[in-house]
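Okay, so here's the structure we're looking at.
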Amino acid sequence: MLAWGYSSSSEKLKNFIRIASGQGFWGDLLRAPLDQVTKGPVDYMMMDYLAEVTMSIMQKQKRKDPKLGYAKDLVELMGEILPICVNKNIKVITNGGGVNPVACSEAIVATARKLGIKKLKVGVVLGDDILGRIDELGIDLRNMETGESMNSIRSRLQSANVYFGAWPIVEALKQGAQIVITGRTTDTGLTLAPMIYEFDWKKDDWDKLAAGTVAGHILECGGQASGGNFSADWRSVPDLARIGFPIAEAYPNAEIVITKHENTGGLVTLQSVKEQLLYEIGDPTQYITPDCVADFTTIQLDEVGKDRVKLSGVRGKQATDFYKVSMSYLDGYTAFGTLTYSWPDALDKARKADEILRTRVNDLGLKFDEIRTEYLGYNSSHGGIADIAKEVNEVVLRVGVRGKDRESVERFGKELAPLILTGPPSVTGFAGGRPKPSEVISYWPALIPKSAMKPGTLIVEA
Amino acid sequence: MKIRLFDICHGRSGDKGDTANVGLIARKKEYYPVIAKYVTAERVKRHFEGIALGKVERFELANLWALNFLLHNALGGGGTKSLKNDAQGKTLAAALLKMEIEVDEKIQY
Numbered sequence: 000m001l002a003w004g005y006s007s008s009s010e011k012l013k014n015f016i017r018i019a020s021g022q023g024f025w026g027d028l029l030r031a032p033l034d035q036v037t038k039g040p041v042d043y044m045m046m047d048y049l050a051e052v053t054m055s056i057m058q059k060q061k062r063k064d065p066k067l068g069y070a071k072d073l074v075e076l077m078g079e080i081l082p083i084c085v086n087k088n089i090k091v092i093t094n095g096g097g098v099n100p101v102a103c104s105e106a107i108v109a110t111a112r113k114l115g116i117k118k119l120k121v122g123v124v125l126g127d128d129i130l131g132r133i134d135e136l137g138i139d140l141r142n143m144e145t146g147e148s149m150n151s152i153r154s155r156l157q158s159a160n161v162y163f164g165a166w167p168i169v170e171a172l173k174q175g176a177q178i179v180i181t182g183r184t185t186d187t188g189l190t191l192a193p194m195i196y197e198f199d200w201k202k203d204d205w206d207k208l209a210a211g212t213v214a215g216h217i218l219e220c221g222g223q224a225s226g227g228n229f230s231a232d233w234r235s236v237p238d239l240a241r242i243g244f245p246i247a248e249a250y251p252n253a254e255i256v257i258t259k260h261e262n263t264g265g266l267v268t269l270q271s272v273k274e275q276l277l278y279e280i281g282d283p284t285q286y287i288t289p290d291c292v293a294d295f296t297t298i299q300l301d302e303v304g305k306d307r308v309k310l311s312g313v314r315g316k317q318a319t320d321f322y323k324v325s326m327s328y329l330d331g332y333t334a335f336g337t338l339t340y341s342w343p344d345a346l347d348k349a350r351k352a353d354e355i356l357r358t359r360v361n362d363l364g365l366k367f368d369e370i371r372t373e374y375l376g377y378n379s380s381h382g383g384i385a386d387i388a389k390e391v392n393e394v395v396l397r398v399g400v401r402g403k404d405r406e407s408v409e410r411f412g413k414e415l416a417p418l419i420l421t422g423p424p425s426v427t428g429f430a431g432g433r434p435k436p437s438e439v440i441s442y443w444p445a446l447i448p449k450s451a452m453k454p455g456t457l458i459v460e461a
Numbered sequence: 000m001k002i003r004l005f006d007i008c009h010g011r012s013g014d015k016g017d018t019a020n021v022g023l024i025a026r027k028k029e030y031y032p033v034i035a036k037y038v039t040a041e042r043v044k045r046h047f048e049g050i051a052l053g054k055v056e057r058f059e060l061a062n063l064w065a066l067n068f069l070l071h072n073a074l075g076g077g078g079t080k081s082l083k084n085d086a087q088g089k090t091l092a093a094a095l096l097k098m099e100i101e102v103d104e105k106i107q108y
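Going line by line, the protein sequences match chains P and X.
Going by numbering that gives the first Met the number 0, the first sequence runs without a break in its numbering and finishes at 461.
Going by numbering that gives the first Met the number 0, the second sequence runs without a break in its numbering and finishes at 108.
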């Protein structure tokens with residue numbers, strides 16, 4: 000194992016770099032990024048904010064205020080960590096720019112100025128948001144799963160973003176950016192980019208790019224690789240309250256050690272890393288990103304120390320000629336209501352309440368595409384696989400409806416509370432008020448030729 | 000002998016649209032050939048009757064002692080459309096670990 004520290008000459012390639020995972024989703028543990036930049040040495044920190052639905056939420060915010068449309072708490076967070084990152088020369092790469100990375104970077108620059116930080120270079124990756132250009136592009140972005148034409152959802156489109164990979168970030172780093180803000184960049188690209196930049200990997204170094212991509216997949220869900228949501232033996236995980244997020248220690252030959260800071264909770268073991276590798280993948284031989292196609296069946300894992308798992312042998316194939324496009328569209332409304340029934344006959348009473356509710360909404364002529372009843376505490380997670388208890392002390396009745404007609408969905412919300420006084424007895428748990436309709440945002444994945452897109456970079460300076 | 004997958008495996012599950020992915024990982028290297036032999040796509044499809052409404056695909060990752068299953072049409076439409084409490088299939092790995100298989104091999108725990 001190499002000792003910490005490397006040549007101070009910025010011209011010389013580093014022996015290794017440490018890339019920290021700071022956030023695994025928008026809403027993740029807010030303390031984690033601060034821990035990552037204070038509890039031990041790191042060179043980079045990546046933070047993933049975007050899920051498929053997130054972009055449409057951000058577009059909605061941007062429509063109300065053109066200065067919004069990004070992860071607002073990212074700006075607060077940067078206020079907290081910027082002085083430390085500047086002091087220690089830690090670079091931060093995040094896709095928290097959402098659908099407005101320029102406004103996000105301006106807000107971060109304003110925060111830097113308030114803190115008296117000068118000459119901070121914030122790089123912005125542009126061009127992924129194609130919502131406003133979709134007609135001009137003149138390409139029918141057919142649903143890549145069903146083959147359906149985009150025309151069927153064109154009028155209900157809420158967001159359309161192209162997944163860029165690591166290379167636009169590399170460009171921003173080359174231009175001297177210490178902070179890189181992107182829109183819809185792949186989660187894995189955030190981790191791969193610093194490796195390409197520091198080790199001068201080439202566009203056709205497919206095996207190396209694949210190794211960095213695999214490391215990115217391990218880091219992109221934060222604590223889920225270092226002891227969070229750990230099914231192998233959750234009782235054995237030390238101090239989850241102070242879990243340390245994962246860190247990728249990357250070497251120029253594409254060997255990568257997954258680790259975490261000492262004196263933090265959680266664990267990094269073969270099992271914790273494997274669980275994350277198996278998370279949200281399809282065909283493991285074809286893990287497709289804009290940068291390469293990684294083959295997960297070639298990954299070699301070795302435990303090389305306490306909380307140190309080495310990743311090697313990863314093979315990659317040439318990237319495809321397409322970017323994936325993530326689009327979202329309005330698809331009706333849902334509402335959910337819950338009521339808690341207690342012993343005696345908790346389940347029977349919940350079932351009866353459900354029957355009464357369905358009769359009432361039927362009598363009212365309400366129109367739904369789907370109505371679904373689940374019994375939480377009984378079998379809602381596993382259905383027929385669940386062991387059926389002879390008698391449960393209490394059960395939560397959960398009824399959800401979905402439909403195109405907003406008024407029906409809203410009216411459903413008014414039929415829940417009356418069950419308390421006009422249904423079976425020993426019922427409680429209606430503190431949240433009437434269920435309100437919420438918009439269904441459906442997801443429309445498509446492909447676009449890479450040749451039709453031009454990722455751009457911009458540097459904003461404090 | 001009859002064994003429960005929970006005793007020889009761990010796992011993790013997640014979503015991609017209306018498809019759930021369920022990763023099943025053997026706790027020891029010698030358990031991998033056992034799950035590879037008995038935990039077939041057909042067997043898993045039967046186990047998830049009423050949940051996995053579409054086809055079930057299986058992929059092997061012998062290097063990680065693991066199998067990856069794709070359960071199609073299993074999440075009530077997926078995303079914000081789903082009316083399921085577990086709309087992202089987060090608990091489906093645990094559901095697979097409940098599965099019992101009858102094996103010819105003698106398994107040492």
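Even for Gly, the Cβ is constructed at its ideal location relative to N, Cα and C.
A quick note: this is a predicted structure, and the numbers were derived from the prediction, not measured.
The beta-carbon of N62 (chain X) is placed less than 7 Å from the nearest beta-carbon of chain P. Rounded to the nearest whole angstrom, the C-alpha separation of A93 (chain X) and V121 (chain P) is 43 Å. Contact between L239 (chain P) and G315 (chain P) is absent: CB atoms are separated by about 34 Å, not below the 8 Å threshold. Annotation: Cβ neighbours of K273 (chain P) in chain X (cutoff 7 Å, chain order): I24, L63, A65.
Straight-line spacing of the CA atoms in K59 (chain P) and G364 (chain P) works out to 32 Å. Judged by DSSP in its simplified three-state form, M98 (chain X) adopts coil rather than helix or strand. Boundaries of the beta strand (DSSP E) around D301 (chain P): 299 to 304.
No Cβ-Cβ contact shorter than 7 Å links L172 (chain P) with A461 (chain P). Every beta strand (DSSP E) of 3 residues or more that sits fully in the segment 170 to 194 of chain P is shown, in chain order, as 178 to 180.
The Cβ-Cβ distance between P436 (chain P) and A349 (chain P) does not fall below 7 Å.
Q317 (chain P) and Q223 (chain P) have their C-alpha atoms spaced approximately 29 Å apart. Under the DSSP assignment, E393 (chain P) falls outside any alpha helix (DSSP H), being part of the beta strand (DSSP E) whose first and last residues are 393 to 402.
For the C-beta of G49 (chain X), the chain P residues within less than 8 Å are, from N- to C-terminus, G382, G383. By the neighbour-count definition (other C-beta atoms within 10 Å, threshold 16), G175 (chain P) is an exposed residue. For R371 (chain P), at least one C-beta of chain X is nearer than 7 Å to its own C-beta. At a cut-off of 7 Å, the C-beta of T319 (chain P) has no neighbouring C-beta in chain X. DSSP places Y322 (chain P) in the uninterrupted beta strand (DSSP E) bounded by 321 to 341. Neighbours of G23 (chain P) in chain X, taken as residues whose beta carbon is under 8 Å from its own, are absent, since the nearest beta carbon is some 12 Å off. For H9 (chain X), the enclosing beta strand (DSSP E) starts and ends at 8 to 15. L12 (chain P) places its beta carbon 7 Å or farther from that of I80 (chain P).
Less than 7 Å separates the beta-carbon of L269 (chain P) from that of E302 (chain P). In this structure, L140 (chain P) and I447 (chain P) form a Cβ contact; the two beta carbons are roughly 6 Å apart against a cut-off of 8 Å.
Comparing C-alpha distances from G53 (chain X) to each of X:K44, X:I34, X:L60 shows the shortest one belongs to X:K44. When beta bridges are read from the DSSP output, S441 (chain P) appears opposite P:Y328. Taking the C-beta atoms as reference points, G182 (chain P) is found no nearer than 7 Å to P237 (chain P).
Rounded to whole angstroms, the separation of the alpha carbons of I83 (chain P) and W64 (chain X) is 41 Å. Taking every protein chain shown into account, the CB of R405 (chain P) has fewer than 16 other CB atoms within 10 angstroms, so this residue is exposed. In this structure, the straight-line span from the alpha carbon of P434 (chain P) to that of G336 (chain P) is close to 6 Å.
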